[in-house]
Amino acid sequence: MPAKSLPGHALSGSIAAPGDKSVSHRALILAALASGESRITGLLESADVLATARAVAALGAGVHRDGEGWRVVGTNGRFRSPDRALDLGNSGTGVRLLMGAVAGTGATADFTGDASLSSRPMARVLDPLTAMGADCTSTGGRLPVRITGGPLRPVDWSPEIASAQVKSAILLAALGAQGETIVREPAPTRDHTERMLPLFGGRVETDGLAVRLSGPQALIGTRIDVPGDPSSAAFALVAGLIVPGSAVTLTGVIANPARDGLYRVLERMGAKLTRTPGRAMAGEETVDLSVETSALRGVDLEADIAPSMIDEYPILAVAAAFAGGQSRFRGLAELRAKESDRLAGTAALLAANGVAARIEGDDLIVSGLGPAGVPGGGKVVTHGDHRLAMAGLVMGCAAREAVRIDDAAMIATSYPGFIDDMRALGAQIECENRETA
Ligand code: S3P
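All residue numbers for the sequence shown refer to the numbering used here, where the first residue is 1263 and numbers rise by one.
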């Protein structure tokens, strides 16, 4: 489904940030591992998360949706071996975390996914799970993967890559291992698993970059209210900064320092951004974020900020295109292993719309053209990547000419309400198969 966004419409208003994708996956998986019933409200009902919901049901959890939200009846750590492969679609988080969870329960499961997920590296998770005693077979470190779990031994693992998915997969497996597992991270990554485990009665300790979990542990069902996703909120907020005459608020956004890199960077670039603290949810602080149109300036970003905003580089690059002066984002090798090669895709998105961007080693360099200087008028090739699609549509709201994207359908993997939310703020986004706004 191709789509385009048209410039010339100031954005205003307040919208609730959609439920956080990372927290939603974890809530379903921990509830499925726990004993008894869990209630989850505010779950992100995106394609990625629904794939995880189907997978935990196939592993034996009772998964029900009613008027209040989601009810999950857990397996008390005893997943059953599904008859058919678990298809996690486009979701790296779903597949990698579930591989760890299955390894810790002693079930056998096959894992598959779409073409994008099937091309992504899985050895980063299979290696530590194998070291713990799980039987893992793969196709050259890619899907399809078969895992037969437990009984597991603990592991002291130092991943080479800063990845919350790897850390979380090991911690979930460690729930079923006998003894203390330690994950030593090369840099801090999002800690939603560590924050949520105690809500299910789990015990995990963080000491600097070392995370320790002593197994075996039995979890108990609980209530989880999912807070808003800073990675999704980022699109409307950057739109509010670059579209003239705008004032936009996103409410209930996670305020975790492991997720707020983009917001710190936007402030360094001159963004007028205010934070109003909200209530804690799922072990996370939340804030309402408000922005006004701002004159942004380019920024030179250090590599070590990348894990705290790894999914935000496409939309940050759009902000940098509208900033005065050059920006350099360092150390982005991991972007090549996302839903698409996001480093190449982001540079191409800018270039297609008249903004000079180049890749040097693992760095992205953007020549900002200032608030009124971005030509637009291009067609963005999304490679089926939801974040490139949303970044392209935001660019079109502020460029001189409309921006087209080849496919908006994949936006539903992380933010099904994106186009409706942007329209509610005043954006003009047209889809080929829908009535125009
Ligand atoms: C996620 C971690 C990140 C991020 C992904 C969600 C998570 O991946 O890109 O969208 O929920 O743990 P890595 O941890 O592999 O960088």
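Where is the CB? At the ideal position from N, CA and C, for every residue including glycine.
What is the DSSP secondary structure of Gly-1639, counted as helix, strand or coil? One-based indexing of the sequence shown puts residue 1639 at position 377. Here Gly-1639 sits in coil by DSSP.
Nearest candidate by alpha-carbon position, reference Ala-1319, set Ser-1276, Val-1364, Ile-1277: Taking the first residue of the sequence shown as 1, we reach residue 1319 at position 57. The option with the nearest alpha carbon to Ala-1319 is Val-1364.
Among all the DSSP beta bridges, which residues are the ones paired with Gln-1690? Counted from its first residue, the sequence shown places residue 1690 at position 428. In the DSSP output, where bridge partners are listed per residue, Gln-1690 has Leu-1268.
So is the beta-carbon of Ile-1577 under 6 Å away from any non-hydrogen atom of the ligand S3P? Counting from 1 along the sequence shown, the entry for residue 1577 is found at position 315. For the ligand S3P, not one heavy atom lies less than 6 Å from the Cβ of Ile-1577.
Residue range of the alpha helix (DSSP H) that includes Ala-1583: Along the sequence shown, read from residue 1 onward, the residue named residue 1583 stands at position 321. Looking at the DSSP string, the run of the alpha helix (DSSP H) that includes Ala-1583 is 1575 to 1583.
Name the DSSP beta bridge partners of Thr-1443, please? Within the sequence shown, residue 1443 is the residue found at index 181, counting from 1. Thr-1443 has Leu-1475 as its beta-bridge partners, per DSSP.
Using a threshold of 6 Å, is the CB atom of Asp-1491 nearer than that to any non-hydrogen atom of the ligand S3P? Within the sequence shown, the letter at position 229 stands for residue 1491. No.
Straight-line gap, Val-1285 to Gly-1514 (C-alpha atoms, nearest Å): If you number the sequence shown from 1, residue 1285 lands on position 23. If you number the sequence shown from 1, residue 1514 lands on position 252. The alpha-carbon atoms of Val-1285 and Gly-1514 are separated by roughly 14 Å.
8 Å Cβ shell around Glu-1694 - same chain, five flanking residues per side excluded: Position 432 of the sequence shown, counted from the first residue, corresponds to residue 1694. Met-1263, Pro-1264, Ala-1265.
Within a Cβ cutoff of 7 Å, which residues of the same chain sit near Ser-1276, ignoring the five residues on either side of it in sequence? Here residue 1276 is taken as the residue at index 14 of the sequence shown, counted from 1. Counting only Cβ-Cβ distances below 7 Å, and skipping sequence neighbours, we find Thr-1511, Thr-1513.
Enumerated in chain order, which unbroken segments of the beta strand (DSSP E) with a length of 3 residues or greater are wholly contained in the stretch 1596 to 1675? Complete beta strand (DSSP E) runs here, min 3: 1619 to 1622, 1625 to 1631, 1665 to 1667.
Rounded to a whole number of angstroms, what is the C-alpha to C-alpha distance between Arg-1537 and Val-1553? As a working mapping, residue 1537 is identified with position 275 in the sequence shown. As a working mapping, residue 1553 is identified with position 291 in the sequence shown. Cα to Cα, Arg-1537 sits roughly 9 Å from Val-1553.
CA-to-CA distance, Ala-1610 to Arg-1716, given in whole angstroms: No statement about residue 1716 is possible, as the shown extent of the chain runs from 1263 to 1699 and does not include it.
Within 10 angstroms of its Cβ, does Glu-1330 collect 16 or more other Cβ (buried), or is it exposed? Position 68 of the sequence shown, counting from 1, holds the residue named residue 1330. By the neighbour-count rule (16 or more Cβ atoms within 10 Å), Glu-1330 is not buried but exposed.
Consult DSSP for Ala-1347 and reduce its assignment to one of helix, strand or coil. For the purposes of this step, residue 1347 is taken as residue 85 along the sequence shown, with counting starting at 1. Here Ala-1347 sits in coil by DSSP.
Could you tell me the distance, in whole angstroms, from the CA atom of Asn-1338 to the CA atom of Gly-1366? Residue 1338 sits at position 76 when you count from the first residue of the sequence shown. Residue 1366 sits at position 104 when you count from the first residue of the sequence shown. Taking the straight line joining both Cα atoms gives about 12 Å.
Where does the unbroken beta strand (DSSP E) through Ser-1301 begin, and where does it stop? In the sequence shown, the residue the question calls residue 1301 occupies position 39. Note on identity: in this sequence residue 1301 is Arg, with Ser being the wrong assignment. Here the beta strand (DSSP E) through Arg-1301 covers 1299 to 1303.
Entirely within the stretch 1329 to 1387 and at least 4 residues each: give me those alpha helix (DSSP H) ranges in chain order. 1354 to 1367, 1377 to 1380
Just curious, the alpha helix (DSSP H) that Asp-1310 is in, first and last residue? Against the sequence shown, residue 1310 aligns to sequence position 48. Per DSSP, the continuous alpha helix (DSSP H) segment holding Asp-1310 begins and ends at 1309 to 1320.
Does any heavy atom of the ligand S3P sit closer than 6 Å to the C-beta of Ala-1385? On the sequence shown, residue 1385 is found 123 positions in, with the first residue counted as 1. No.
Near Glu-1697, which residues of its chain fall below 8 Å by C-beta distance, leaving aside the five closest residues on each side in sequence? Here residue 1697 refers to the residue found at position 435 when the sequence shown is read from its first residue. Model confidence at Glu-1697 stands at a pLDDT of 48, short of 50, so the residue's coordinates are unreliable and nothing is read from them.
Could you tell me the alpha carbon to alpha carbon distance between Ala-1278 and Pro-1448, rounded to whole angstroms? Here residue 1278 refers to the residue found at position 16 when the sequence shown is read from its first residue. Here residue 1448 refers to the residue found at position 186 when the sequence shown is read from its first residue. Computed Cα separation, rounded: 34 Å.
Nearest-angstrom Cα separation, counted from Val-1561 out to Phe-1591: As a first step, residue 1591 must be located in the sequence shown, where it is residue number 329. As a first step, residue 1561 must be located in the sequence shown, where it is residue number 299. Their Cα atoms are separated by approximately 8 Å.
Here's the rule I'm using: 16 or more other beta-carbon atoms within 10 Å means buried, otherwise exposed. How should Ala-1585 be labelled? Taking the first residue of the sequence shown as 1, we reach residue 1585 at position 323. Flag for Ala-1585 reads buried.
For Tyr-1525, which option in Leu-1414, Leu-1578, Ala-1385, Ala-1317 has the closest C-alpha, if you only look at C-alpha atoms? Within the sequence shown, the letter at position 263 stands for residue 1525. If we check each option's Cα against that of Tyr-1525, Leu-1578 comes out closest.
Own chain, CB closer than 6 Å to Gln-1588, minus 5 neighbours either side, in chain order: Position 326 of the sequence shown, counting from 1, holds the residue named residue 1588. Excluding sequence neighbours, Gln-1588 sits near Gly-1560, Ser-1629.
Using the C-alpha atoms, what's the distance from Ala-1509 back to Ser-1353? For the purposes of this step, residue 1353 is taken as the residue at position 91 of the sequence shown. For the purposes of this step, residue 1509 is taken as the residue at position 247 of the sequence shown. Taking the straight line from one Cα to the other gives about 33 Å.
Are the CB atoms of Ala-1532 and Met-1571 nearer to each other than 7 Å? If you number the sequence shown from 1, residue 1532 lands on position 270. If you number the sequence shown from 1, residue 1571 lands on position 309. The question names Ala, but residue 1532 in the sequence shown is Gly. Against a cut-off of 7 Å, the Cβ pair of Met-1571 and Gly-1532 comes out as no contact.
Closest to Met-1657 by CA distance: which of Gly-1464, Asp-1682, Phe-1497 is it? Position 395 of the sequence shown, counted from the start, is the residue given in the question as residue 1657. Considering only alpha carbons, the answer is Phe-1497.
Is it true that the CB of Pro-1416 sits closer than 7 Å to the CB of Glu-1442? The residue you call residue 1442 lines up with position 180 of the sequence shown. The residue you call residue 1416 lines up with position 154 of the sequence shown. Yes; because the gap between Cβ atoms is below 7 Å, this pair is in contact.
Residue environment, Thr-1484, which counts as buried when at least 16 other CB atoms sit within 10 Å: As a working note, residue 1484 is residue 222 in the sequence shown. By the 10 Å Cβ count, Thr-1484 comes out buried.
Note the first and the last residue of the continuous beta strand (DSSP E) segment covering Thr-1511. The count along the sequence shown starts at 1 and reaches residue 1511 at position 249. Run containing Thr-1511: 1509 to 1516, per the beta strand (DSSP E) assignment.
Run the CB neighbour count on Gly-1298, radius 10 Å, all protein chains shown included, and call it buried at 16 or more, exposed below. Translated into the one-based positions of the sequence shown, residue 1298 becomes position 36. Its Cβ having fewer than 16 others within 10 Å, Gly-1298 is exposed.
If you compare alpha carbons, which of Ile-1681, Phe-1680, Thr-1675, Leu-1650 is closest to Asp-1668? Taking the sequence shown and counting its residues from 1, one reaches residue 1668 at position 406. Ranking Ile-1681, Phe-1680, Thr-1675, Leu-1650 by Cα distance to Asp-1668 puts Leu-1650 first.
Can you give me the C-alpha to C-alpha distance between Val-1357 and Ala-1634, rounded to a whole angstrom? To locate residue 1357, count along the sequence shown from 1; it is residue 95. To locate residue 1634, count along the sequence shown from 1; it is residue 372. The straight-line gap separating the alpha-carbon atoms of Val-1357 and Ala-1634 is approximately 42 Å.
Compare the C-alpha of Ile-1432 against each of His-1454, Pro-1406, Leu-1388, Thr-1399 and name the closest. As a first step, residue 1432 is located in the sequence shown; it is residue number 170 there, counting from the start. Minimum Cα distance to Ile-1432 is reached at Leu-1388.
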